[in-house]
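Right, one structure below, let's go through it.
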Amino acid sequence: MTRRTDRRAGGAVADPQRHASHVVAVVVPEPADAVPLVALEPPGAELAVVCLGPGTKEGRAALDRALAQAAERGCRVADGPRVLRTEGGDTVAALLDALREIGPERLRTLDPDPVHVSFDKVSGTPVHDGPAGHARAAADALAAARALQLETGEPVYVECHRAKADVRLGAASCLRYPLPVNWLSAGFDGRLTAFLPTAAGVVRRFQDAPDGRSWSGPELIEGPGLLPGLTVVRDPHGFPHLFGLRRTPRPDGGVDVAVVHAAQYRTGQPPTPWQPLGGPNAGDWRKGREVGFPTAAFDAAGNLFVFARNFGHSISCRRQSADGSWSPWQHLGGTRVADELVAVTTPYGGVEVLARARDTAGVVRWYADRDGAWTEDRTQPLAVRPGTMAPAPEPGGILFRDLESNRPYAWQPGAQAPSPLGDAEGSGPPAAVRGVETDGWTYSLLVGAGPRGTCALGVYPEGRPGPDAWWRDLGAPSYGVPAAEVSRTGRLTVATRAPGGRLLVAHRDERAASLAFDDWRTAGDRRLTM
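For the sequence shown, position 303 (counting from the first letter as 1) is numbered 303 according to full-length UniProt numbering, and the numbering increases by one without interruption.
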């Protein structure tokens with residue numbers, strides 16, 4: 001390898017002819033609402049826009065311009081926007097009919113549970129700056145996508161976008177439910193499992209034999225009402241734990257949104273049922289529905305800490321002791337934070353949480369003392385691009401992209417400044433794995449979406465992040481964040497979600513002394529195993 005950005009594939013090369021086109025449905029209330037969502041779509045997809053109403057003349061003209069620009073970028077644009085005119089009718093049924101004709105692999109829509117901008121103390125209700133119909137339309141789009149997936153058996157990947165998000169910062173910065181990272185997990189028997197969120201819930205694929213090329217799945221992990229996001233963390237024994245949000249209709253017409261948790265203790269066997277953990281504001285559903293997406297980490301003693309952004313935009317925490325008992329939700333207070341939290345296990349075995357501040361470009365850090373009291377530290381010298389924070393391979397640290405330069409950085413608590421990781425361009429958060437041995441040295445490995453939408457790989461000596469990190473383009477297209485894992489037998493695997501509903505994996509070529517990979521191969525099937 002060379003100590004600079006290296007765009008040679010180095011073994012794992014996906015045939016460009018196999019980069020299949022795929023259909024992306026954009027479902028919105030009116031044409032104007034589709035403009036930012038269309039602007040976020042990279043080249044290669046076929047776009048189909050579905051509107052519940054005709055909107056204004058200006059909105060239709062703006063969408064026409066956005067679609068023309070998408071075509072210039074390299075997107076295929078289907079026929080003009082479909083207007084369903086669903087006033088007074090069954091919106092979900094009408095959307096399902098439209099999606100059947102479109103056959104989308106991915107779906108972009110709005111936020112079903114947007115955050116408030118103020119609070120009416122007289123009525124005791126949150127005040128939002130968008131039409132109420134936008135949230136209903138997003139919820140109906142999710143319901144239709146879920147029904148389509150269960151009907152066809154083909155996963156539908158959904159992205160819900162925040163209102164008024166800055167599209168110039170990329171798609172990852174606009175998401176209500178964050179992209180999962182580190183979603184590839186190694187089991188005790190040497191087999192790997194991949195977990196990904198879809199419209200109908202989490203799907204998994206797993207190896208049939210240790211280090212083998214045959215995979216089973218995708219299988220749907222039961223969980224009605226799961227929203228399209230996922231956090232995967234490992235306990236001290238290496239078992240994967242899954243965290244998400246579940247949205248449940250109420251008899252009074254409202255919705256309850258709760259944090260949920262499941263775990264997989266044997267590869268290929270059913271995971272535990274989803275356990276509801278409630279939320280920081282569960283006493284009032286109008287507040288509780290706005291809960292941020294959870295993050296979590298285990299300390300060295302096996303205690304689990306779950307964190308989420310609460311209604312007041314500070315951080316709340318719930319703790320499960322190693323004996324299985326749960327504490328109530330605890331509000332930490334402090335700085336108002338955005339929906340971007342990363343929990344980490346420190347080198348000393350404790351747990352800390354870092355969050356991007358809502359009103360500034362900074363990052364706040366919360367840590368607990370020996371008595372369990374939490375303290376806020378606002379002195380981190382970081383300016384993080386939204387949607388790019390992730391745990392570092394080294395304990396206690398984080399990875400992110402710089403707000404201004406978009407270059408990758410690593411940071412450890414106590415450091416005077418973050419460490420640059422080369423000049424690699426790209427988008428979204430990176431995933432990381434440590435303990436990769438090559439040429440007699442041990443390295444940390446990063447994988448992320450590169451500037452051309454392909455899987456990019458970065459390497460640096462373990463424990464020594466710096467500007468000499470080596471970067472390579474592995475060639476395979478990547479939607480979302482790629483993942484990497486070292487199995488219990490020591491073999492390195494990289495995985496990425498590609499067009500056509502495929503999960504691609506590349507195993508390290510053990511015959512080569514350097515970091516080379518076999519060809520990309522499809523893992524599992526396209527359709528769900530029912």
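Cβ coordinates follow ideal geometry from the N, Cα and C atoms, glycine included.
Top-ranked residue by Cα proximity to residue i, from the options
i	options	result
residue 152	88, 103 and 388	103
residue 265	402, 157 and 239	239
residue 527	194, 220 and 26	220
residue 449	414, 487 and 408	408
residue 243	342, 255, 384 and 167	342
residue 486	24, 507, 472 and 500	507
residue 52	395, 76 and 84	84
residue 380	512, 387, 364 and 372	364
residue 426	442, 28, 387 and 438	387
residue 278	294, 35 and 108	294
residue 229	241, 235, 222 and 245	245
residue 197	353, 159, 428 and 431	159
residue 470	424, 199, 521 and 346	424
residue 500	226, 511, 514 and 477	477
residue 480	430, 461, 520 and 473	430
residue 488	186, 474, 529 and 336	186
residue 58	98, 31 and 512	31
residue 39	56, 60 and 69	69
residue 436	414, 461 and 451	461
residue 95	74, 144 and 125	144
residue 531	509, 359 and 136	Any answer about residue 531 is impossible in this case: the structure gives the chain only from 1 up to 530.
residue 463	474, 475, 444 and 472	444
residue 37	165, 329 and 182	165
Cut-off 6 Å between Cβ atoms - residues of its own chain near residue i, not counting five sequence neighbours on either side
i	result
residue 42	453
residue 331	316
residue 361	383 and 403
residue 320	304 and 326
residue 482	447, 455 and 496
residue 374	332, 366 and 368
residue 414	none
residue 15	The predicted model places residue 15 with a pLDDT of 47, which falls under 50 and marks its position as unreliable, so this point remains unresolved.
Same chain, Cβ closer than 7 Å to residue i, neighbours up to 5 away in sequence not counted
i	result
residue 410	392, 397, 399, 418, 419, 421 and 465
residue 524	205, 215, 216, 217, 218 and 503
residue 289	113, 255 and 257
residue 272	262 and 263
Burial state of residue i, where buried means 16 or more other Cβ atoms lie within 10 Å
i	result
residue 45	buried
residue 348	exposed
residue 467	exposed
residue 122	exposed
residue 322	exposed
residue 100	exposed
residue 440	exposed
residue 155	buried
residue 118	exposed
residue 209	exposed
residue 188	exposed
residue 22	buried
residue 515	buried
residue 340	buried
residue 505	buried
residue 132	exposed
residue 10	Here the model assigns residue 10 a pLDDT of 41, short of 50, so the residue's position is not dependable, and the following value carries that caveat. Residue 10 is buried by the Cβ-count criterion.
residue 127	exposed
residue 237	exposed
residue 149	buried
residue 248	exposed
Sequence-distant residues of its chain with Cβ nearer than 8 Å to residue i (five each side left out)
i	result
residue 163	110, 111, 114, 129, 130 and 134
residue 350	299, 300, 367 and 368
residue 3	Low local confidence applies: a pLDDT of 37 at residue 3 is under 50, so the model's placement there is unreliable, with the coordinate-based value given in what follows. So the qualifying residues of the chain are 468 and 470.
residue 34	26, 28, 49, 51, 63, 66 and 81
residue 76	21, 45, 46 and 47
Residue-chain proximity (residue i, chain D), Cβ-Cβ < 7 Å
i	result
residue 356	Absent from the structure is chain D; it holds one protein chain and no more.
Handout entry: Validate contact between the segment 58 to 68 and the segment 97 to 116 using beta carbons, cut 8 Å, 3 pairs
Key = no
Practice task
Count the CB pairs spanning the segment 203 to 214 and the segment 75 to 90 that are closer than 8 Å, and state whether there are at least three.
Solution key: no
Practice task
Could I get the ranges of all uninterrupted beta strand (DSSP E) runs contained in the segment 263 to 323, with 3 residues as the minimum, in chain order?
Solution key: Taking only runs of at least 3 residues, the beta strand (DSSP E) segments lying wholly in the segment 263 to 323 are 275 to 278, 295 to 298, 304 to 309 and 315 to 320.
Exercise for the section: Flag this pair as touching only if the segment 302 to 314 and the segment 266 to 285 have three or more C-beta atom pairs under 8 Å; answer yes or no. Expected result: yes
Handout entry: Residue ranges of each beta strand (DSSP E) within the segment 164 to 191, 3 or longer
Key = 184 to 186
Problem - Every unbroken beta strand (DSSP E) inside the segment 33 to 92 [3 residues or more] - result: 45 to 51
Exercise for the section: Quick one: which unbroken beta strand (DSSP E) runs of 3-plus residues sit fully inside the segment 447 to 506? Chain order, please. Expected result: Qualifying beta strand (DSSP E) stretches, in chain order: 454 to 461, 470 to 477, 483 to 486 and 492 to 498.
Handout entry: the segment 481 to 500 in contact with the segment 188 to 201 per 3-pair CB rule at 8 Å
Key = Counting Cβ pairs under 8 Å, three or more are found: they touch.
Exercise for the section: Would you check if there are 3 or more beta carbon pairs closer than 8 Å linking the segment 139 to 148 to the segment 170 to 179? Expected result: no
Problem - Whole alpha helix (DSSP H) elements within the segment 397 to 427, 4-residue minimum - result: none
Exercise for the section: With a floor of 3 residues, list each beta strand (DSSP E) that falls wholly inside the segment 104 to 174, ordered by position along the chain. Expected result: 106 to 110, 118 to 120, 125 to 127 and 157 to 161
Problem - 4 or more residues per run - each alpha helix (DSSP H) lying fully within the segment 207 to 267 - result: none
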